[in-house]
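First to last, the protein sequences are chains A and B. So in my numbering the end of the first sequence lands on 290, straight run, no missing numbers. So in my numbering the end of the second sequence lands on 317, straight run, no missing numbers.
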Amino acid sequence: MPLDLQLLNTCAALLLLVSFAMLSQRRIVTLVNLLALQGALLCVATLLLAWRTGKGHLYVSAVLTLSLKVVLLPWLLHRLIRRLEVYWDTEPLLNVPGTMLVGLVTVVFAFGLAQPISELASTATRNAIGIAVAVILLAFITMITRRKAMSQVVGFLSMENGLFFGAMSATYGMPMIVELGVALDVLVAMLVLGVFFFQIREQFDSLDLHHLESLKEDQ
Amino acid sequence: MSGLAWLTQLLEVLAALALAPLFLGWVNQCRAWLQNRSAPSLLLPYRGIRKLFHKDAVIAEQASPLFRAAPYVVFGAMVAAAAIIPSMGTGLPFTTAADAIALVGLLAVARVFMSLAAMDIGTAFGTLGARREMMVGFLAEPALLMVIFVASLISATTALPLIAERLATQAPAIYPSLAFTAVAFTMVLLAENARIPVDNPATHLELTMIHEAMLLEYSARHLALMEWAAALKLFNYACIGFALFVPWGASTGGSGPAALLLSLPVLALKLFVAGLWLALLETVSAKLRVFRAPEFLATAFMLAVLGLLVHLLLGA
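Shown next, in the form of structure tokens:
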């Protein structure tokens, strides 16, 4: 196996590891740092793939990943954490070893799910599609097992990372216009959700989302 | 089987017996330096064992024969394990007799006898230590097996010397799966050898102890054997780690006596670095509450299984 493909596989494996770390992390500040790390790994993987395939637009998307997912979004999230003063997540709905076991089963499921897609794809990185699906599903679990709005948003952003990685390994990246659109969407979503956080806290004095489950005030 | 292979086998067991207390002493010395204490002598474990062999044994009145036999069984299991692990050479005559799964079984036999002996007298501390040891053991064992399975999948064999030989001789490549399992193995090593995040080897008579609690009723030659067996266990685990993750430098059997001679300094160098690394890990981590230990070992298991899955998917 050539060296650049080995490095790409290592990046893919580390992405999966970071997803697991996010799943088991209780502190929101560390969760945001892990998200930045995931973005950095994604950026390195994109650069390696761009160098391997010689496709110019992948360099652009690597720069986009670096500026948006490693610098801007984590910075915004850290600022929100400071303003809202939410440093700790509550205990997740499931205990940590339990969550990890569910995560492992999910990874097996994702690998099975990606098998037919991998066989159809013709890229050198097609084996990593399974990892991308696993990252997406693990981000889902991260969102499901948390109560606080902040950690759910981090899970959402991690899911977007997984989708991006999946597109990259299946088809060497989406068309530039789609990537730009998605990047803008994520940024806008982040800003809107930032406003929502303040509104939710103003209304309920907490970022715990189970307050939103009851529809009427008298319930 | 050639004479050289048997010589390697003999030398390996002797080296394990002789070097195990030295390795323990080295780890303790490094730990003392890192914690800004004045370090104990490197030879302290030898002196402790010699002193204990010269004393008269005191055994509780209600002790059953199992209590007397356990130290010999535990020590014997550790020596047998040392014979299977390729610390100096990979062309071992015992390779065909026992593979890595049998090795895990041998370690389990030692653990079971130690726990039974601890419960035999019926003191509260012994029972408590035995129960905790079994809790740590039943979580650490699957993780250790998973670690071995990843290396077995890569090298297509479960015999530890063959795994080491194939990993050492194949073309260099990056294996993320092996990196994950290396971390998992380190965590299992710390837990199984009663090192700091799970147990503190330097504590006596505290409610948090695991390994020491099981040895409280032993004295003299029985205690000496138990402590020597504990040192051997640490040495064995270090050598399993070398065989799986840094297999270079061991004699492959076909290369004559010069390689065998060279393998001893290589082993010493590996132990030197491993001791430093172990002491550093123990210094930077804090002891976990006993009820957090399952979480620690679940992480080790998760990492090992993740390594397995990544290997199956990416072939790396």
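For glycine and all other residues, C-beta sits at the position ideal for the given N, C-alpha and C.
By the criterion of a C-beta distance shorter than 6 Å, Val184 (chain B) is surrounded in its chain by Leu304, once the five residues flanking it on both sides are discounted. The C-beta of Glu283 (chain B) has 16 or more other C-beta atoms within 10 Å across all chains shown, which makes the residue buried. Here Asn198 (chain A) is buried: its Cβ has 16 or more other Cβ atoms, across all protein chains shown, within 10 Å. One thing to note: Gly237 (chain A) has its Cβ no nearer than 8 Å to the Cβ of Leu147 (chain A).
Listed along chain A is no residue with a C-beta nearer than 7 Å to that of Ala152 (chain B); the closest approach is about 16 Å. Interface annotation for the region 160-186 of chain B against chain A: Ala174, Ile175, Tyr176, Pro177, Ser178, Ala180 and Phe181, criterion Cβ-Cβ distance under 9 Å.
Residues of the region 169-189 of chain A that bring their beta carbon within less than 8 Å of a beta carbon in chain B comprise Met171, Leu172, Gly174, Leu175, Val178, Val179 and Phe182, in sequence order.
Taking a Cβ-Cβ threshold of 8 Å, the residues of chain B close to Val167 (chain A) are Glu296 and Ala299, in chain order. When the Cα atoms are used, Leu191 (chain A) and Gly316 (chain B) turn out to be separated by approximately 18 Å. Under DSSP, Arg69 (chain B) takes part in no beta bridge, so it has no partner.
The Cβ of Leu307 (chain B) sits closer than 8 Å to at least one Cβ of chain A. Take the alpha-carbon of Leu88 (chain A) and the one of Thr242 (chain A): they are about 23 Å apart. Just so you know, the alpha carbons of Val267 (chain B) and Leu235 (chain B) end up roughly 18 Å apart.
Taking CB atoms only, Thr216 (chain A) has no neighbour in chain B less than 8 Å away.
Taking a Cβ-Cβ threshold of 7 Å, none of the residues of chain A is close to Val148 (chain B); the smallest such distance is about 15 Å. The three-state reading of DSSP puts Gly26 (chain B) in helix, counting H, G and I together.
Of all residues in the region 80-95 of chain A, the ones placed with a Cβ closer than 8 Å to any Cβ belonging to chain B are Asn80, Thr81, Ala83, Ala84, Leu85, Leu87, Leu88, Phe91 and Ser95, in chain order. For the pair of segments examined, the region 212-226 of chain B was found not to touch the region 40-48 of chain B: the number of CB pairs separated by less than 8 Å stays below three. Inclusion of Met210 (chain B) and Asn201 (chain B) in the CB contact set at 8 Å is warranted, their separation being smaller than that value. A contact is defined here as three or more CB-CB pairs under 8 Å, and the region 101-109 of chain A fails this definition with respect to the region 119-126 of chain A. For Trp229 (chain B), the enclosing alpha helix (DSSP H) covers residues Ala221 to Phe246. Spanning the alpha carbons of Ala244 (chain B) and Trp27 (chain B) requires a straight line of approximately 21 Å. Beta-bridge pairing by DSSP links Asp279 (chain A) to A:Lys219. Contact annotation, Met261 (chain A) with Leu108 (chain A): C-beta distance approximately 18 Å; criterion of less than 8 Å not satisfied. By the beta-carbon neighbour count (other beta carbons within 10 angstroms, threshold 16), Tyr158 (chain A) is exposed. With respect to Met239 (chain A), Ala299 (chain B) sits apart: the two C-beta atoms are not nearer than 8 Å.
Residue environment analysis places Leu307 (chain B) among the buried positions, since at least 16 neighbouring C-beta atoms fall within 10 angstroms of its C-beta.
Listed along the chain, the chain A residues whose CB falls inside 7 Å of the CB of Met303 (chain B) are Phe91, Met171 and Leu175. Counting only Cβ-Cβ distances below 8 Å, Val247 (chain B) has no contacts in chain A at all, with the closest Cβ about 18 Å away.
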